[in-house]
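In our numbering, the protein residues as written are 1 to 430.
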RNA sequence: GCGGCUGUGGUGAAGUGGUUAACACAGCGGUUUGUGGUACCGCCACGCGCGAGUUCGAUUCUCGUCAGCCGCCCCA
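Structure representation (structure tokens):
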């Protein structure tokens with residue numbers, strides 16, 4: 001029979017992995033809370049229209065990377081390829097614009113799906129953490145999201161980072177610029193590479209980003225977005241930059257930075273890992289402001305900002321830059337029955353320890369001492385409890401400290417004493 | 001979607017058109033059945049990603065396929 005294996009571009013996270021994820025997720029949750037963001041959980045699949053209208057029909061994500069299917073009632077559904085659209089959808093659906101506490105600050109964390117060729121840092125099922133702030137348009141908030149993301153990077157131990165930032169201007173400025181670009185490049189149609197020809201139609205801003213035509217003369221002379229920014233957009237962007245300066249964030253203004261999703265306006269940014277281990281997919285988190293998204297989804301006119309963070313990518317970098325973060329906490333105690341006849345008694349001791357909140361394990365199969373001690377060493381377990389016939393009869397246990405080899409025989413007070421020893425050692429569980 | 005590289009046990013890997021697929025680490029057992037980290041000895045791939053073809057015979061050759069990685073593209 002043919003073997004069944006996991007679908008391409010997906011991953012099984014095994015024990016070592018999930019432990020790392022827990023550590024990472026914990027950092028994320030604590031940080032989000034520190035900045036006063038609340039968690040939102042939206043469905044894994046949504047109506048296909050949400051992404052078509054929200055993310056944009058012509059984007060790569062929507063036009064060729066979505067997992068779309070019909071359910072039994074012929075409704076077109078799509079596995080979510082990103083998080084923002086759903087957040088805004090929920091915001092509208094639950095009338096969160098009416099909440100007492102404004103702006104609405106939320107975060108999400110979970111799997112996303114995109115049909116792409118897998119690569120390091122790029123899977124078909126991957127995970128994003130993201131934040132969204134809806135209901136204010138304020139440069140402080142734009143900056144806050146960046147600072148929040150950087151805070152997480154810092155706690156995870158990432159140092160090789162680059163902050164790229166740009167502005168697309170408000171809708172008015174951007175549309176004006178877009179049209180100019182389209183006009184300008186139309187004169188050079190025969191000199192453009194094939195990719196650029198499609199970009200010209202779909203997303204002219206991306207033309208500036210082309211690696212093939214990068215050095216051509218007409219590229220260098222192309223109109224620059226900053227010339228098209230109106231006073232207001234300009235001021236707004238400057239303030240964002242000022243705040244970053246005050247917060248001691250080194251950034252790089254990248255005039256060619258554009259984003260692949262249609263909803264962005266004004267501030268956009270991308271935080272890139274400069275670590276070589278990151279490979280070609282180096283963007284750790286990226287986002288920006290979106291002014292028209294709520295409206296285009298049938299909601300009120302509200303402004304939002306947010307970013308999406310590639311969790312796998314963060315972990316790839318953290319694993320090389322700060323592996324100490326992931327050293328697992330050992331078990332507190334291991335119980336060694338000296339004879340198979342003692343396993344039930346050993347188990348009752350195990351249970352009593354666990355009920356006291358101590359993390360513990362025992363040997364069920366009557367293995368040799370050698371192998372039991374090896375187990376403890378391998379797993380950095382400090383305390384072993386040895387019990388045999390003699391101890392069963394005398395109602396005692398032997399508590400051995402494997403770090404220094406000492407051991408003590410304990411009688412009726414044993415549970416309290418074990419707890420005390422474990423506490424002093426720095427206990428594993430809560 | 002396009003181009004390139006790779007695919008041998010739990011891990012790192014060597015290897016050959018033909019009897020038992022090296023070696024190392026890990027694991028397990030023993031020397032040492034009430035006490036560890038050393039040493040010595042033993043065990044551990046019914047199979048060389050999967051499928052088909054060539055051949056008397058393929059892990060080794062050919063084709064296909066799947067998967068991973070690298071790059072393009074795109075993005076988180």
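Glycine included, each C-beta is placed from N, C-alpha and C at the ideal position.
| Query | Result |
| --- | --- |
| In DSSP terms, what residue 109 is bridged to | 129 |
| Nearest to residue 149 (by Cα), restricted to the options 284, 335, 106, 241 | 284 |
| Coarse secondary structure for residue 344, derived from DSSP in three states | helix |
| Segment contact flag, the region 288-301 with the region 255-273, C-beta cutoff 8 Å, min 3 pairs | yes |
| Cβ shell of residue 230 (< 6 Å), same chain only, five flanking positions each side left out | 173 |
| Cβ contact (3+ pairs, closer than 8 Å) linking the region 103-116 and the region 79-91 | yes |
| Inter-residue Cα distance where the pair is residue 250 and residue 375 | 48 Å |
| Residue 149 (DSSP reduced to helix, strand or coil) | helix |
| Outcome for residue 262 when other beta-carbon atoms lying within 10 angstroms are tallied against a minimum of 16 | buried |
| Residues near residue 430 by beta carbon distance below 8 Å, same chain, minus five either side | Because the pLDDT at residue 430 is just 47, under 50, the model does not fix this residue reliably, and the point stays unresolved. |
| Distance between residue 21 and residue 15 (C-alpha atoms, nearest Å) | 10 Å |
| Helix, strand or coil at residue 440 [DSSP, three-state] | The question about residue 440 has no answer here: the residues shown for the chain are numbered 1 through 430. |
| For residue 182, three-class secondary structure by DSSP | helix |
| Exposed unless 16 or more other CB atoms sit within 10 angstroms - verdict on residue 303 | buried |
| Buried versus exposed, by CB contacts within 10 Å (16 or more), residue 177 | buried |
| Test item: CB-CB of residue 294 and residue 88 under 7 Å | yes |
| Best match in 127, 126, 117, 137 for proximity to residue 103 [C-alpha to C-alpha] | 137 |
| Integer Cβ distance of residue 200 from residue 207, believed to fall under 8 Å | 7 Å |
| Range covered by the beta strand (DSSP E) that runs through residue 308 | 304-310 |
| Sheet register partners of residue 70 (DSSP bridge) | 76 |
| Those residues which DSSP pairs with residue 423 across a bridge | Bridge partners of residue 423: none, in fact. |
| beta-carbon residue 335 near the ligand NAP non-hydrogen atom, thresh 6 Å | This structure simply doesn't include the ligand NAP, nor any ligand for that matter. |
| Distance CB(residue 166)-CB(residue 254) smaller than 7 Å | yes |
| Reduced DSSP secondary structure (H/G/I, E/B, other) of residue 289 | strand |
| Bridge partner(s) assigned by DSSP for residue 383 | 333, 401 |
| Status (buried if at least 16 other CB within 10 Å, exposed otherwise) for residue 233 | buried |
| Sheet register partners of residue 166 (DSSP bridge) | 268 |
| Identity of the residue in 153, 189, 4 nearest residue 219 by Cα | 189 |
| Residue burial classification, residue 94 (beta-carbon count within 10 angstroms, cutoff 16) | exposed |
| First through last residue of the beta strand (DSSP E) which encompasses residue 158 | Per DSSP, residue 158 belongs to no beta strand (DSSP E) and is neither H nor E. |
| Residue environment, residue 31, which counts as buried when at least 16 other CB atoms sit within 10 Å | buried |
| CA-to-CA distance, residue 25 to residue 155, given in whole angstroms | 12 Å |
| Under 7 Å between C-beta atoms of residue 306 and residue 92 | no |
| Residue 33 classed as buried or exposed, judged by whether at least 16 other C-beta atoms fall within 10 angstroms | exposed |
| Minimum C-alpha distance to residue 340 - residue among 352, 368, 331, 320 | 368 |
| Given residue 410 as reference, the closest of 423, 389, 403, 385 once Cα atoms are compared | 385 |
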